[in-house]
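One point on numbering: in my numbering, the residue at position 411 of the sequence shown is 411, and numbering is uninterrupted. Just so it is clear, CB atoms sit at the ideal spot from N, CA and C, and this is done for glycine as well.
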Amino acid sequence: MATISQAAVKQDLYDAVNGDWQATAEIPADHASTGGFMDLVDGIEKTLMHDFDAMVAGKTTPNDPQLAEFIKFYQLTKDFEKRDQDGAKPLRPYLKQIDSLTDLADLQQRMPDWIYDGLPLPFSLDVDADMKNTKVNALFAQAPNTILPDKTYYDEGNQQGPKLLAVYGQMMLQLLQLAGESAAQAQQIVDDTLKFDRLIVPWVKSAEEAADYSKMYNPRPFKEFVNNSRYLDLAAITYSVINGNPELVILPEPAYFDHFNDVVNPDNFTMMKNWMKAKLVQRLSGYLSDEMRTVGTTYSRTLSGQAQPRSQAKSAYYLAAGAFDQVVGLYYGHKYFGETAKADVHHMVEKMIAVYKRRLQANTWLSADTRAKAIVKLDNLGIQVGYPDKLEAVYTKYKTLPAADGGNVLSNVLCFGRIARQDMFAKWGQATDRTRWEMSADTVNAYYHPFMNIIVFPAAILQAPFYSLDQSSSANYGGIGAVIAHEISHAFDNNGALFDEFGNLHNWWTDDDSAHFKELAKAMIAEFDGLDFAGAKVNGTLTVSENIADAGGLSCAEEAAKGEADVDLAAFFTNWAMVWRMKATKQYMQLLLSIDVHAPAKLRANVQPKNLDDFYATFDIQPTDPMYLAPDKRVKIW
Numbered sequence: 001m002a003t004i005s006q007a008a009v010k011q012d013l014y015d016a017v018n019g020d021w022q023a024t025a026e027i028p029a030d031h032a033s034t035g036g037f038m039d040l041v042d043g044i045e046k047t048l049m050h051d052f053d054a055m056v057a058g059k060t061t062p063n064d065p066q067l068a069e070f071i072k073f074y075q076l077t078k079d080f081e082k083r084d085q086d087g088a089k090p091l092r093p094y095l096k097q098i099d100s101l102t103d104l105a106d107l108q109q110r111m112p113d114w115i116y117d118g119l120p121l122p123f124s125l126d127v128d129a130d131m132k133n134t135k136v137n138a139l140f141a142q143a144p145n146t147i148l149p150d151k152t153y154y155d156e157g158n159q160q161g162p163k164l165l166a167v168y169g170q171m172m173l174q175l176l177q178l179a180g181e182s183a184a185q186a187q188q189i190v191d192d193t194l195k196f197d198r199l200i201v202p203w204v205k206s207a208e209e210a211a212d213y214s215k216m217y218n219p220r221p222f223k224e225f226v227n228n229s230r231y232l233d234l235a236a237i238t239y240s241v242i243n244g245n246p247e248l249v250i251l252p253e254p255a256y257f258d259h260f261n262d263v264v265n266p267d268n269f270t271m272m273k274n275w276m277k278a279k280l281v282q283r284l285s286g287y288l289s290d291e292m293r294t295v296g297t298t299y300s301r302t303l304s305g306q307a308q309p310r311s312q313a314k315s316a317y318y319l320a321a322g323a324f325d326q327v328v329g330l331y332y333g334h335k336y337f338g339e340t341a342k343a344d345v346h347h348m349v350e351k352m353i354a355v356y357k358r359r360l361q362a363n364t365w366l367s368a369d370t371r372a373k374a375i376v377k378l379d380n381l382g383i384q385v386g387y388p389d390k391l392e393a394v395y396t397k398y399k400t401l402p403a404a405d406g407g408n409v410l411s412n413v414l415c416f417g418r419i420a421r422q423d424m425f426a427k428w429g430q431a432t433d434r435t436r437w438e439m440s441a442d443t444v445n446a447y448y449h450p451f452m453n454i455i456v457f458p459a460a461i462l463q464a465p466f467y468s469l470d471q472s473s474s475a476n477y478g479g480i481g482a483v484i485a486h487e488i489s490h491a492f493d494n495n496g497a498l499f500d501e502f503g504n505l506h507n508w509w510t511d512d513d514s515a516h517f518k519e520l521a522k523a524m525i526a527e528f529d530g531l532d533f534a535g536a537k538v539n540g541t542l543t544v545s546e547n548i549a550d551a552g553g554l555s556c557a558e559e560a561a562k563g564e565a566d567v568d569l570a571a572f573f574t575n576w577a578m579v580w581r582m583k584a585t586k587q588y589m590q591l592l593l594s595i596d597v598h599a600p601a602k603l604r605a606n607v608q609p610k611n612l613d614d615f616y617a618t619f620d621i622q623p624t625d626p627m628y629l630a631p632d633k634r635v636k637i638w
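Here it is as structure tokens:
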């Protein structure tokens, strides 16, 4: 690892490590960003496309039946000649279904099929762990998404909102006409869609409000839930997809259902039909002709500042891999990670948990009771590394219908989606599966699941610069060690701390400890809130949980690094800053500031080291240096 200038670190750690790279890095035209995480994504994309293209060409053979079904589907997604010939033809039967709707009673009759097919509706049902009894799957009812990425974009003073809605409207006019609507019809559909969208906005949460997980849990007796609508029989709709009689429905967006009759009523029926058509065309455009695919990305590319759509080859790969994500992930994990690396990283996670446990035992601000319960939670933390032990059974039901038998991309996608949703609804009232992977092994990410109390590290992130046998132990701890400890820390951030060792929403803190923790969380909010970035400001409340996890992760990883014989804290902090290198469009950075629960990458790299005393000793940081933070301002939680 290259040596960095101490004088440069005193000014800005991130720039000292990444400045030369930042000056020359170019954002690919089909990206909104480039850098550490994205470089790994691009490398995996190149590797897997090479492998799968060889299978499509018959040069190699898929080694299991599910992979063979994926390759057959990949052949369909790659055949743009056939997709262009078909145009919007595969979509039109669904548009005709919407056109033929006569009233809300008619919609209700068809709703079970529409729910299974995942077609746009003014609410949705799904099944997930009951947050207060996570051993059992419960029923959830969700509000629809708004067009703009967050409700704050609709505020009168937000200048981006009207511009983005104009881009959305123009895109939808093009898409609807490509789908067979006349210009006048397309304009009416767009007008109605924008009006119906506005009816939803007041009753859904902002990203900041949604970042508080405890506020997701709003159980409502089923008898009360079904009375939320005067015009739809919500009980009959639920019974059509759930085999049983639920006592409760959990509403993450309760205000929406409190005002459901204001949105879904006979007066708004035509408007809602047109909203459904626009949502349908936008959602399914990527599965159709190349023209519809590229036009359909206009709005999202404007949001992120991405200059060009993906190439046909890349879009075909991602479309196919998205449908068979766990199949692709298992292939990647077995071929490019393997059991040896899986065992090695699992051992590393156990070591980090042991470090965290020692830190909890030595904690000075928690009471003995709370500390003991925190250790119980840590002892029950589930670990998933690399890839699943086996493929989820639902993927064995995915059978690709080839073009020769009348299949096309859209028909297969809808079929796979129906199978997945039927499988999901069949799990209502059943025991949850703590071993189930929600992220595929080829995903460059990691996560903590508060409802399951598990940490997950897919194979894709377990490579340089995060982790490599060619790196020093300190560099690895500054990379994957900090990531591992970050995910462990999520069990004790402002959200994770609300859940017990079983993942149940349950207060295990004493009142005094809880109050003290909330004060520490406020200090973390204050440390980030209002920081200037990309012409906007960081929302400390939106990002607080990730910032707490970063702080705990970095501190814990540093302690682990110091326990090694070859400790090199300069290498530790250097690799920490390196993994966060990122160059992005201004539009993308501002979008993330509005909706992302993570602080900007550069600030993640720079702010957290300031909270660690060893950072100052390692680089001789003095009170006159820009990277200095006074001791009484340093936030230390875990």
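query, result
"Candidates M49, V444, E156 and Y395, of which the one nearest A464 by Cα", "V444"
"Length of the line joining the Cα atoms of A485 and F269", "51 Å"
"Minimum C-alpha distance to L288 - residue among M524, V409 and H31", "V409"
"Extent of the continuous beta strand (DSSP E) to which A129 belongs", "S124 to D130"
"M452 - DSSP class collapsed to helix/strand/coil", "coil"
"Segments of 4+ residues assigned as alpha helix (DSSP H) that fall wholly inside the segment 581 to 612", "586 to 595 and 601 to 607"
"Cut-off 8 Å between Cβ atoms - residues of its own chain near L176, not counting five sequence neighbours on either side", "Q185, A186, I189, V190, K277, A278 and V281"
"Beta-ladder partner(s) of G386, from DSSP", "P458"
"Cβ shell of R301 (< 7 Å), same chain only, five flanking positions each side left out", "P309"
"Counted within 10 angstroms of its Cβ, other Cβ atoms place E208 as buried (16 or more) or exposed", "buried"
"Close-in-space but distant-in-sequence residues of the same chain around I147 (CB under 6 Å, 5 per side omitted)", "Y168 and D197"
"Rounded C-alpha distance that separates N137 from P246", "11 Å"
"Pair within 7 Å by beta-carbon distance, W638 and S489", "yes"
"Environment of G43 [buried if 16+ CB atoms lie within 10 Å]", "exposed"
"Integer Cβ distance of L101 from K273, believed to fall under 8 Å", "6 Å"
"Reduced DSSP category for P665 - H, G, I as helix; E, B as strand; rest coil", "The chain is shown from 1 up to 638; residue 665 falls before or after that span and cannot be answered."
"N575 burial status per 10 Å Cβ neighbour count (16 or more: buried)", "buried"
"Helix, strand or coil at V376 [DSSP, three-state]", "helix"
"Those runs of the alpha helix (DSSP H) which lie wholly inside the segment 47 to 122 and span at least 4 residues", "65 to 78, 80 to 86, 92 to 99 and 104 to 117"
"Assigned secondary structure, P202 (DSSP; H/G/I helix, E/B strand, else coil)", "helix"
"C-alpha distance - Y467 paired with V226, whole-angstrom precision", "51 Å"
"Run of the alpha helix (DSSP H) containing P254, from where it starts to where it stops", "P254 to D258"
"Cβ-based burial, G478 [other Cβ within 10 Å; buried from 16]", "buried"
"Which of helix, strand or coil DSSP assigns to D529", "coil"
"Close Cβ partners of T585 (< 6 Å) along its chain, the five nearest in sequence each way excluded", "A32 and G305"
"Contacting residues, own chain, Cβ-Cβ under 7 Å from K82 (five flanking each side not counted)", "A403"
"Buried or exposed by the 16-neighbour rule on C-beta atoms within 10 Å, applied to T77", "buried"
"Coil, strand or helix - G35 by DSSP", "strand"
"Limits of the unbroken alpha helix (DSSP H) element including P162", "Q160 to L178"
"Nearest-angstrom Cα separation, counted from T134 out to E438", "16 Å"
"Residue environment, T432, which counts as buried when at least 16 other CB atoms sit within 10 Å", "buried"
"Cβ shell of G417 (< 6 Å), same chain only, five flanking positions each side left out", "G118"
"Residues of its chain near K633, where Cβ-Cβ distance is below 8 Å and the 5 sequence neighbours each way are ignored", "E527"
"Counterpart residues of V136 in DSSP-defined beta bridges", "A431"
"7 Å Cβ cutoff met for S440 and D568", "no"
"Rounded Cβ spacing between R122 and V264 (contact assumed at less than 8 Å)", "The amino acid occupying residue 122 in the given sequence is Pro; Arg does not appear at that position. 5 Å between Cβ atoms; contact."
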